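Asker: Before we start, here is the structure in question, set down as structure tokens.
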Amino acid sequence: MKIALFPGSFDPITLGHLDIVRRAKPLFDEIVIAVGENEQKKYLFSMEQRVEWLQRVFEDEPQMKVMQYKGLTVNFAKDLGANYLLRGLRNASDFDYEKTISQLNNIIGEGLETVFLISHPEMSHISSTIVREIIKGKGDVSAFVPEIIHNDLKNKFYL
Ligand code: ADP
Numbered sequence: 032m033k034i035a036l037f038p039g040s041f042d043p044i045t046l047g048h049l050d051i052v053r054r055a056k057p058l059f060d061e062i063v064i065a066v067g068e069n070e071q072k073k074y075l076f077s078m079e080q081r082v083e084w085l086q087r088v089f090e091d092e093p094q095m096k097v098m099q100y101k102g103l104t105v106n107f108a109k110d111l112g113a114n115y116l117l118r119g120l121r122n123a124s125d126f127d128y129e130k131t132i133s134q135l136n137n138i139i140g141e142g143l144e145t146v147f148l149i150s151h152p153e154m155s156h157i158s159s160t161i162v163r164e165i166i167k168g169k170g171d172v173s174a175f176v177p178e179i180i181h182n183d184l185k186n187k188f189y190l
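Numbering-wise, the sequence shown is residues 32 to 190 according to our numbering.
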């Protein structure tokens with residue numbers, strides 16, 4: 032069984048993340064989308080909120096599992112029995128960063144392979160960082176996030 036782990040912050044999940052998942056589906060039997068807890072990072076949304084949004088986005092998709100984890104991504108992949116990591120690449124700075132991490136993960140993860148999908152041109156400007164900035168400024172993020180998240184932001188938060 033081919034299991035891929037798609038690790039990230041998903042703070043919040045965007046249409047860019049969704050596009051990567053959609054295109055990766057034919058490649059794997061199961062995709063685990065997992066929110067990593069990194070002590071160094073400051074998040075806008077709580078772990079609970081980020082996980083809940085992912086669960087709602089993927090609730091009707093049996094091929095997808097939503098989880099959270101702490102510690103090294105390679106260790107979590109091993110626990111899951113995942114032989115592949117899935118990551119998206121938007122530009123050269125994504126590539127520079129991801130290249131080193133993937134080489135390291137391949138060594139410490141004993142052959143763990145990272146599969147990269149290049150973002151669609153119409154998605155390559157979308158990042159959680161930009162979405163967070165727009166939310167903080169009370170702007171409209173409907174063009175960048177799944178509809179249920181936009182609706183939640185309108186109702187529970189400050190759009
Ligand atoms: P991290 O903090 O691990 O970078 P993110 O949630 O920001 O977590 O991103 C998770 C993955 O999704 C990364 O591989 C990132 O490159 C990818 N990604 C994010 N936005 C896009 C996008 N618009 N198009 C393609 N890939 C994307």
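Cβ coordinates follow ideal geometry from the N, Cα and C atoms, glycine included.
All values reported here derive from a predicted model rather than from experimental measurement.
Is Ile51 near ligand 3, judged by its Cβ being under 6 Å from some heavy atom?
Answerer: With respect to ligand 3, the structure shown offers nothing to examine, as its ligands consist of ligand 1.
Asker: With the cut-off set at 7 Å, would you say Val66 and Phe41 are in Cβ contact?
Answerer: For the purposes of this step, residue 66 is taken as the residue at position 35 of the sequence shown. For the purposes of this step, residue 41 is taken as the residue at position 10 of the sequence shown. Going by C-beta atoms, Val66 is nearer than 7 Å to Phe41.
Asker: Can you determine whether any heavy atom of ligand 1 sits closer than 6 Å to the C-beta of Asp127, and answer yes or no?
Answerer: As a first step, residue 127 is located in the sequence shown; it is residue number 96 there, counting from the start. Not so, every heavy atom of ligand 1 lies at least 6 Å from the Cβ.
Asker: Exposed or buried, what is Ser124 when buried is set at 16 or more other beta-carbons lying within 10 Å of its beta-carbon?
Answerer: Mapped onto the sequence shown, residue 124 falls at position 93. It is exposed - the Cβ of Ser124 has fewer than 16 other Cβ atoms within 10 Å.
Asker: Rounded to whole angstroms, what is the Cα-Cα separation between Met78 and Leu85?
Answerer: For the purposes of this step, residue 78 is taken as the residue at position 47 of the sequence shown. For the purposes of this step, residue 85 is taken as the residue at position 54 of the sequence shown. Roughly 11 Å between the two C-alpha positions.
Asker: With a CB to CB cut of under 7 Å and the five nearest residues on each side skipped, what residues in its chain are close to Arg81?
Answerer: Reading the sequence shown from its first residue, position 50 is the one you call residue 81. Only Phe41, Asp42, Pro43 and Val66 meet the Cβ criterion.
Asker: Beta carbon of Gly119: closer than 6 Å to some heavy atom of ligand 1?
Answerer: Position 88 of the sequence shown, counting from 1, holds the residue named residue 119. The answer is yes for Gly119.
Asker: Does the beta-carbon distance from Leu116 to Thr145 come in below 7 Å?
Answerer: Along the sequence shown, one-based indexing puts residue 116 at 85. Along the sequence shown, one-based indexing puts residue 145 at 114. A contact, by the Cβ cut-off of 7 Å.
Asker: List the whole-angstrom C-beta distance separating Asn136 from Val105, where the pair is believed to meet the contact cut-off of C-beta under 8 Å.
Answerer: Taking the first residue of the sequence shown as position 1, residue 136 is located at position 105. Taking the first residue of the sequence shown as position 1, residue 105 is located at position 74. With 8 Å as the limit, Asn136 and Val105 qualify as a contact, their Cβ atoms being about 5 Å apart.
Asker: Is Met78 a contact residue of ligand 1, with contact defined as CB to any heavy atom under 6 Å?
Answerer: The residue labelled residue 78 in the question sits at position 47 within the sequence shown. Flag unset: Cβ of Met78 not near ligand 1.
Asker: Taking Ala55 as part of the alpha helix (DSSP H), name the residues at either end of that continuous run.
Answerer: Here residue 55 refers to the residue found at position 24 when the sequence shown is read from its first residue. Leu46 to Ala55 is the span of the alpha helix (DSSP H), which, as asked, contains Ala55.
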